[in-house]
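Reading through the structure tokens given below for one structure.
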Amino acid sequence: MTGIERIERTFEACRAGGRAALVTYVMGGDPDLAGSQAMALACVEGGADLLEIGIPFSDPIADGPTIQAAAERALAAGTTVAGVLRVAAAVRRAAPGVPIALMGYVNPILAHGEERFLAGAARAGVDALILPDLPPEEAQGLRARALAHGIALVFLLAPTSTPARRRAACDAAGGFLYFVSVTGVTGARRDLPAELPALLAEVRRESPVPVVVGFGVSEAAQARALAPLADGVVVGSAVVQRAAAPGTRAARAARVRRFVAKLRRAMGRPMGAGGD
Amino acid sequence: MSTFPDARGRYGDYGGRFVPETLVPALDELEAAWKAARLDPSFRAELDELLRRFAGRPTPLGEARRLGADAGGCRVLLKREDLCHTGAHKINNTLGQVLLARRMGKRRIIAETGAGQHGVATATAAALFGLPCDVFMGALDVERQALNVFRMQLLGARVIPVTAGSRTLKDAMNEAIRDWVTHVRDTHYIIGSVAGPHPYPAMVRDFQSVIGDEARAQVLEVAGRLPDAVVACVGGGSNAMGIFSAFLDDAGVALVGVEAAGLGLSTSHHGAALARGRPGVLHGSRSYLLQTPDGQIAEAHSISAGLDYPGVGPELAYLKDSGRLTLATATDREALDALQYLARTEGIIPALESAHAVAEAVKRARALGPEGLLVVNISGRGDKDVEQVRRALAAREAAAPRRKAARKRRAPARRDGRGR
Numbered sequence: 039m040t041g042i043e044r045i046e047r048t049f050e051a052c053r054a055g056g057r058a059a060l061v062t063y064v065m066g067g068d069p070d071l072a073g074s075q076a077m078a079l080a081c082v083e084g085g086a087d088l089l090e091i092g093i094p095f096s097d098p099i100a101d102g103p104t105i106q107a108a109a110e111r112a113l114a115a116g117t118t119v120a121g122v123l124r125v126a127a128a129v130r131r132a133a134p135g136v137p138i139a140l141m142g143y144v145n146p147i148l149a150h151g152e153e154r155f156l157a158g159a160a161r162a163g164v165d166a167l168i169l170p171d172l173p174p175e176e177a178q179g180l181r182a183r184a185l186a187h188g189i190a191l192v193f194l195l196a197p198t199s200t201p202a203r204r205r206a207a208c209d210a211a212g213g214f215l216y217f218v219s220v221t222g223v224t225g226a227r228r229d230l231p232a233e234l235p236a237l238l239a240e241v242r243r244e245s246p247v248p249v250v251v252g253f254g255v256s257e258a259a260q261a262r263a264l265a266p267l268a269d270g271v272v273v274g275s276a277v278v279q280r281a282a283a284p285g286t287r288a289a290r291a292a293r294v295r296r297f298v299a300k301l302r303r304a305m306g307r308p309m310g311a312g313g314d
Numbered sequence: 066m067s068t069f070p071d072a073r074g075r076y077g078d079y080g081g082r083f084v085p086e087t088l089v090p091a092l093d094e095l096e097a098a099w100k101a102a103r104l105d106p107s108f109r110a111e112l113d114e115l116l117r118r119f120a121g122r123p124t125p126l127g128e129a130r131r132l133g134a135d136a137g138g139c140r141v142l143l144k145r146e147d148l149c150h151t152g153a154h155k156i157n158n159t160l161g162q163v164l165l166a167r168r169m170g171k172r173r174i175i176a177e178t179g180a181g182q183h184g185v186a187t188a189t190a191a192a193l194f195g196l197p198c199d200v201f202m203g204a205l206d207v208e209r210q211a212l213n214v215f216r217m218q219l220l221g222a223r224v225i226p227v228t229a230g231s232r233t234l235k236d237a238m239n240e241a242i243r244d245w246v247t248h249v250r251d252t253h254y255i256i257g258s259v260a261g262p263h264p265y266p267a268m269v270r271d272f273q274s275v276i277g278d279e280a281r282a283q284v285l286e287v288a289g290r291l292p293d294a295v296v297a298c299v300g301g302g303s304n305a306m307g308i309f310s311a312f313l314d315d316a317g318v319a320l321v322g323v324e325a326a327g328l329g330l331s332t333s334h335h336g337a338a339l340a341r342g343r344p345g346v347l348h349g350s351r352s353y354l355l356q357t358p359d360g361q362i363a364e365a366h367s368i369s370a371g372l373d374y375p376g377v378g379p380e381l382a383y384l385k386d387s388g389r390l391t392l393a394t395a396t397d398r399e400a401l402d403a404l405q406y407l408a409r410t411e412g413i414i415p416a417l418e419s420a421h422a423v424a425e426a427v428k429r430a431r432a433l434g435p436e437g438l439l440v441v442n443i444s445g446r447g448d449k450d451v452e453q454v455r456r457a458l459a460a461r462e463a464a465a466p467r468r469k470a471a472r473k474r475r476a477p478a479r480r481d482g483r484g485r
């Protein structure tokens, strides 16, 4: 099964169940490799449908303070791209059906060697890549080379994306599209923009692949409100916060599991019709 | 050569737009506004007027007679950007970009700054047009450059200390990008160097090219010929690209970029991205970077905060690979010596950044001899650095008290020349 097939099956299964997919994020190597692996598996146990595992970078321009701090902790622990690939491989063995997307910045991947990285990611069972500093116009080469390894390159769309840019992203889309809910960086927010439902509806109409929404989703109530509007909802910083709170690894994993289960329950009971 | 960048903002393999999707439409808007403004005579006229009556242009190209004689008779001409309003070439760019911001209807200005020179120049231009201005500055630099922080505040800007990462210029730039992502609809981000995503490297070069355009005409007038070399310091590279741009097609003119060798190129404490870095992606463009084998960005070091940056503009990366750029470096010690030397020999206290160019120029002048002709960009004045220079000299004398008397009598640059 290629990564793209695993992603398709996951979204199909969610659609068949009348719900949106729950996508959760943990930072690879935070606070160490084994710890991040435990948090990723806690997400799966809590009911996450798709996992994002972060590759730490020293200068994460698209991230807010929570994920910046997680990256600093991971780098302080000596985390490398190779280490994150080992985490992904271990998660793949423990959760064979759950798609894994690696999320990070271009430079560590270039330094690791693009082809070596893609081959390693494919071997580890990685299904998709999300690179916030690689917009479609800079990504065409990597997109094709990733596809050759069965890995989807996921593009992001923002509230500022013009109709022409949305069409270009839809044409190049692989796996799914990631709609950034706010103009801003990652991180928990209380309110999401009023124009979000209309924008999401428009993108979903145009997109040949599922559309997930993320950035700023921090509470079960928000996930519940967004679920009917998208094919998936991403929760990142709020999970990272719980994974990094004081306590033993087991206690933190239990906290993450409970939080993800709560998100999942909230999203499983749509307020209106399950799909449109 | 002067046709760069291409339509995608590329200089060969360098440059580009490696930014979050949210910013791409804003960069498209900026590129369109800049290209339209370049063709608009009224924009050009307004900027020229500001450069003349507010910034003090044209700046002189003055002859360094005693330096030249001391070096063996080479003619050395100094492009005096230190005489610009606010004390450095940075104002050329901030005035241009504030005019563009107004043209685009942006109502707020943000900027990053290291030593504070670009921050002061941005705050100055924003004040002139009544625009609110937030300047991001690494918390470490806020401590080190307290005077410039206060200058920005006097000019009505808000200085926001950045506590993430290494708490220096690169982190200030990260935070400015994050602010821009968040407030992109009403805010213009004034990048101070020929770095960042397209169109910034080309646009900042264009606003700074006034330095080279003036210098080329002036050297022809003063000396009747083009110089053998143009020497400029390189951090991000805005003063270097500004003066080099006019000479790119003059094959006989060596373009010498002087990077910060800090404590020495063999140590990890330097700022020489071109000399010692590897290509990578930072702050929106591909260029040479100081980085770890794992692709994490390394911290730069230089006695001069303006050269304390792990990256360099993409056009300079291209010019290095193409062989057009001649690379040189100067250590902290050489820059400190050159600052004192120029002060005593020519009555000019250069910025520590510009002192790197002076250190290299003295070596070249000696090598060229009496037939030689050099143009050196004095990109800024050293008033901002006097406290740091005082401390550095005190520390040096405390470390080597017995050599103090001997050092005082010699021209420092000559001692360095002999050591090579």
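As you go down the protein sequences, you meet chains A and B in turn.
Going by the numbering used here, the first residue of the first sequence is number 39, and it counts up by one from there.
Going by the numbering used here, the first residue of the second sequence is number 66, and it counts up by one from there.
We treat Cβ as the ideally placed atom computed from N, Cα and C, and that holds for glycine.
When the beta-carbon positions are compared, K155(B) and I276(B) stay at least 8 Å from each other. Taking 8 Å as the cut-off, the beta carbon of G342(B) is found no closer than this to the beta carbon of H335(B). Against chain B, the beta carbon of D171(A) has neighbours under 9 Å at F83, V84, P85, V346 and G349, listed in chain order. The region 136-148 of chain A makes contact with the region 167-176 of chain A: 3 or more CB pairs, one atom from each, lie closer than 8 Å. Our two residues, A166(A) and A86(A), have alpha carbons roughly 16 Å apart in a direct line.
In this structure, V89(B) lies away from R183(A), with their beta-carbon atoms at least 8 Å apart. In the DSSP assignment, V273(A) is bridged to T62(A). With contacts defined by Cβ atoms closer than 8 Å, A211(A) and P266(A) do not form a contacting pair. Taking a Cβ-Cβ threshold of 9 Å, none of the residues of chain A is close to P266(B); the smallest such distance is about 15 Å. Here DSSP, grouped into helix, strand and coil, assigns Y383(B) to helix.
Using a 10 angstroms sphere on the CB of K100(B), the tally of other CB atoms stays under 16, which defines it as exposed. Interface residue (Cβ-Cβ distance to chain B less than 8 Å): F214(A) is not classified as such. In the structure shown, the three-state DSSP call for M217(B) is helix.
Looking from the CA of R351(B), the closest CA among P226(B), P123(B), G80(B) and G195(B) belongs to G80(B). Taking CB atoms only, Q178(A) has no neighbour in chain B less than 8 Å away.
Membership of A190(A) in the beta strand (DSSP E) is indicated by the continuous run A190 to V192.
For E257(A), the secondary structure class from DSSP, reduced to helix, strand or coil, is coil. The DSSP-derived three-state label of K235(B) is helix. The beta-carbon of G222(A) is placed less than 8 Å from the nearest beta-carbon of chain B. Every beta strand (DSSP E) of 3 residues or more that sits fully in the region 98-128 of chain B is shown, in chain order, as 126-128. If the five residues before and after D278(B) are omitted, its C-beta is found closer than 7 Å to the C-beta atoms of A311, all from its own chain and listed in chain order.
DSSP places K144(B) in the strand class (E or B) of the three-state scheme. In terms of Cβ geometry, V241(A) and V249(A) form a close pair [threshold 8 Å].
In the assembly as shown, Q178(A) is an exposed residue. Its beta-carbon has fewer than 16 other beta-carbons within 10 Å. Here DSSP, grouped into helix, strand and coil, assigns F83(B) to strand. In this structure, the beta-carbon distance from L381(B) to A400(B) does not fall below 8 Å. In this structure A294(B) touches R429(B) by the C-beta definition: roughly 6 Å separates them, less than 8 Å. A Cβ-Cβ contact shorter than 8 Å links T224(A) with S275(A). With contacts defined as CB atoms closer than 8 Å, F201(B) and I225(B) qualify as a contacting pair. Pairwise C-beta distances place the region 346-361 of chain B out of contact with the region 387-394 of chain B, as fewer than three of them are shorter than 8 Å. Annotated as proximal: F69(B) and Y383(B), with beta-carbon spacing under 8 Å. Classified as exposed, P134(A) has fewer than 16 neighbouring CB atoms from the shown chains inside 10 Å of its CB.
The beta carbons of V214(B) and P85(B) sit no closer together than 8 Å.
Residues of the region 41-72 of chain A that bring their beta carbon within less than 7 Å of a beta carbon in chain B are absent altogether. If you draw a 10 Å sphere on the C-beta of L219(B), you find fewer than 16 other C-beta atoms in it, and that means exposed.
Look at the region 182-205 of chain A: the residues with a C-beta under 9 Å from a C-beta of chain B are F193, L194, L195, A196, P197, T198, S199, T200 and R203.
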